[in-house]
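Take a look at the structure set out below.
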Amino acid sequence: MTEPEVDEETPIFAIAVAAELAGMHPQTLRQYDRLGLVVPGRTQGGSRRYSLRHVKQLREVAALSAEGISLPAISRIIELENTVRSLRRQVGELEQRVRDEVDQRRGARVFAAGATGSVVTLRHGTRVRRATEVVVWRPPEAELD
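Position 124 of the sequence shown, counting from 1, maps to 124 under full-length UniProt numbering, and the rest follow consecutively.
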């Protein structure tokens, strides 16, 4: 049986384990949580639980701090990174919706109104006789490639 893949967002590490993985003292993690730099999930009992993403953030905070960047600046950097991550996720979802819509329309038929008002079904690539039929809808050619 294969083991389930661990999502990097899943809060699984207790504070001592996360501190060890990040190379920090647990008190530093508590301070970062109070400052809103790296805010872990909480259990029902209130214990902190850190995800793999949190551990990466802790390492990043340590590296930025070692370079002399202030904690408020680091907080802003993390906030912007979270915004970018969220926007990338939204863009991915929207791109998938567009792909699904394009796939759904690939088999769409083109309809035209005949000279008498009747609906005429046209095959893709069929030319419309302009004197007798008017095209009501046609998918853009770029979507059908």
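Ideal placement from N, C-alpha and C gives every residue a C-beta, glycine not left out.
Using only the alpha-carbon positions, how far apart do residue i and residue j sit?
i    : j   : result
E101 : L29 : 45 Å
R49  : R59 : 16 Å
E8   : A22 : 15 Å
H25  : L80 : 26 Å
A63  : E93 : 32 Å
L52  : T43 : 16 Å
G41  : F13 : 10 Å
Any idea what DSSP makes of residue i, helix, strand or coil?
i    : result
R106 : coil
R119 : At residue 119 the sequence reads Val, which differs from the Arg that was named. Reduced to three states, the DSSP call for V119 is strand.
G36  : coil
S92  : Before going further, note that residue 92 is Gly rather than Ser in the sequence given. G92: helix per DSSP, three-state reduction.
L144 : With a pLDDT of only 48 at L144, under 50, the local geometry of the prediction cannot be trusted, and no value is derived from it.
E79  : helix
S86  : helix
E67  : coil
E5   : coil
Let's test the definition: count the other Cβ atoms within 10 Å of the Cβ of residue i and tell me whether it reaches 16, buried, or not, exposed.
i   : result
S47 : exposed
V91 : exposed
R66 : One detail in the question is off: residue 66 reads as Ala in this sequence, not Arg. Exposed, since its Cβ has fewer than 16 Cβ neighbours within 10 Å.
V61 : buried
L87 : exposed
A18 : buried
Q27 : exposed
V6  : exposed
V55 : buried
Segments assigned beta strand (DSSP E), at least 3 residues, entirely inside the region 7-56:
Runs of the beta strand (DSSP E) inside the region 7-56: none found.
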